[in-house]
Structure formats: C-alpha cells, structure tokens
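**Student:**
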Amino acid sequence: LTLLRLTPSAIWEPGEQRPACFVGDVTPISEAEPVPELSAPTQPLPEIADDPRLGDNNNFLQWLKNHTSSSATVNTRNGKVHVVENHLFLVTPGIFKIYAAETTGDSGDGWKLAQRMFKESGLALRCNDDSFIWTCEVRAPQKKSSQLKGFLMEDPKQVLGEKVPVNNPWLKLLRE
Numbered sequence: 004l005t006l007l008r009l010t011p012s013a014i015w016e017p018g019e020q021r022p023a024c025f026v027g028d029v030t031p032i033s034e035a036e037p038v039p040e041l042s043a044p045t046q047p048l049p050e051i052a053d054d055p056r057l058g059d060n061n062n063f064l065q066w067l068k069n070h071t072s073s074s075a076t077v078n079t080r081n082g083k084v085h086v087v088e089n090h091l092f093l094v095t096p097g098i099f100k101i102y103a104a105e106t107t108g109d110s111g112d113g114w115k116l117a118q119r120m121f122k123e124s125g126l127a128l129r130c131n132d133d134s135f136i137w138t139c140e141v142r143a144p145q146k147k148s149s150q151l152k153g154f155l156m157e158d159p160k161q162v163l164g165e166k167v168p169v170n171n172p173w174l175k176l177l178r179e
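For the sequence shown, the numbering used here assigns the number 4 to the initial residue and increments by one for each residue that follows.
1) Count the other CB atoms, across all protein chains shown, that sit within 10 Å of the CB of T95; report buried if there are 16 or more and exposed otherwise.
2) Could you name the residues of the same chain whose beta carbon sits closer than 6 Å to that of E50, not counting the 5 residues immediately before and after it, in chain order?
3) Name the DSSP bridge partner or partners of W137?
4) How big is the Cα-Cα spacing for P168 and A13?
5) I need the boundaries of the beta strand (DSSP E) containing F92, first residue and last residue.
6) Counting along the chain, where does the alpha helix (DSSP H) carrying L116 start and finish?
7) Taking 9 Å as the threshold (C-beta atoms), are F121 and I136 in contact?
8) Nearest-angstrom Cα distance between T161 and A127?
9) In angstroms with no decimal places, state the Cα-to-Cα distance between M156 and A103.
10) Which residues bound the alpha helix (DSSP H) around V162?
11) In the DSSP assignment, what are the bridge partners of V84?
12) Answer yes or no: do T106 and W66 have a C-beta to C-beta separation smaller than 9 Å?
13) Suppose contacts are defined by Cβ-Cβ distances below 9 Å. Is N89 in contact with P159 by that definition?
As structure tokens, this is what we get:
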C-alpha cells in the first residue's frame with residue numbers, strides 16, 4: 004500500500020476489520036535463475052523528436068498556412084495566431100504543440116524541435132539580444148489583464164497571403 008501511496012481507508016470502509024499485519028518471514032521456494040546476457044547491443048528506439056517533419060520549416064510554414072487559411076483561427080480568443088502591430092504573433096508553445104500533434108501525433112516534447120528550428124530559421128524576430136520570445140499584454144474588457152508569450156514574424160503575408168486581418172485590438176506588444 005505504501006508503494007501505491009494508498010491509505011488503508013481508501014480500501015476499507017470505516018468500522019470494517021482490516022487484515023492483520025504480516026509478521027512472518029518469506030522463504031523463497033527456488034533461487035532465481037541467472038539472466039542470460041544479451042549477445043548483440045540493442046539499438047535505442049528513435050524518439051519522436053527526431054521526426055524530420057518536426058524540424059522542417061517548410062513543413063511548418065505550409066501547415067501554418069493551412070491552419071490559418073480560415074480567418075476563424077486568427078485573432079480569436081483562444082487562438083494561437085494573432086496579428087499584432089502589423090506582425091504575425093505565434094503563441095508559444097501552443098502553436099508548436101498543435102503542429103506536432105497534427106503532423107506526427109506527438110503529444111510529448113516533439114514540439115520543442117519544431118520551435119527550435121523555427122527560432123533558428125531567421126523567420127522569428129529577436130526581442131532582445133538573448134531572446135526571441137515576445138510578450139503581449141491581453142487587454143480584455145471587464146477582465147484583469149494577462150500576458151501571452153510568443154514569436155513574432157515580420158511579414159504576416161508570408162503566412163496569411165494578401166488577406167491579412169486587422170491588428171488584434173485586445174493585444175498590445177510589450178517592448179523591453
């Protein structure tokens with residue numbers, strides 16, 4: 004029970020008699036057989052993070068274009084893509100988690116590779132000398148302000164085409 008971290012009350016009702024604690028010795032009937040040694044080294048299983056699709060920026064950009072082809076996914080309340088001060092703001096890690104899940108079925112850490120490759124691609128604008136992560140203040144009416152973190156792309160047309168939505172009025176880019 005300790006191994007499972009269950010309290011006895013989770014198993015036995017109050018007032019119900021619990022079994023007595025074991026106070027004896029356990030004697031093995033036979034000795035354990037030796038485990039044979041492996042003759043060939045096993046190859047490690049490939050990690051999902053090694054999936055080449057996650058590290059390919061062309062795949063990510065194409066997926067992002069398809070993901071944002073409907074204007075219902077840009078500048079929405081729980082959306083991961085916004086237009087802020089005439090730039091494209093990608094909420095991280097959310098957009099990369101969705102990308103990894105939809106392209107490879109990965110719900111683990113595969114998104115980190117996609118995010119790193121995007122950061123290193125030159126598409127993301129630097130926030131300062133050591134960071135690519137920008138902060139936007141969310142100013143919704145009748146709600147306490149909050150913040151979103153994400154990457155900023157200079158040209159929204161690169162993803163959204165010629166029909167770029169107006170800037171999201173509820174987001175303000177914070178500059179440091």
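Beta carbons: idealized from backbone N, C-alpha and C, even for Gly.
**Tutor:** Once the coordinates are examined:
1) buried
2) Here E50 scores only 46 on pLDDT, less than 50, and its place in the model should not be relied on; the value that follows carries that caveat. Cβ within range, chain order: n/a, list empty.
3) G153
4) Rounded to whole angstroms, the separation of the alpha carbons of A13 and P168 is 55 Å.
5) Boundaries of the beta strand (DSSP E) harbouring F92: 90-94, taken from the DSSP string.
6) 113-123 is the span of the alpha helix (DSSP H), which, as asked, contains L116.
7) no
8) A quick correction: the sequence has Gln, not Thr, at residue 161. Roughly 12 Å separates the two Cα atoms.
9) So the two alpha carbons sit approximately 20 Å from each other.
10) Start and end: 160-163.
11) V77, L93
12) Between T106 and W66, the C-beta spacing is below 9 Å.
13) yes
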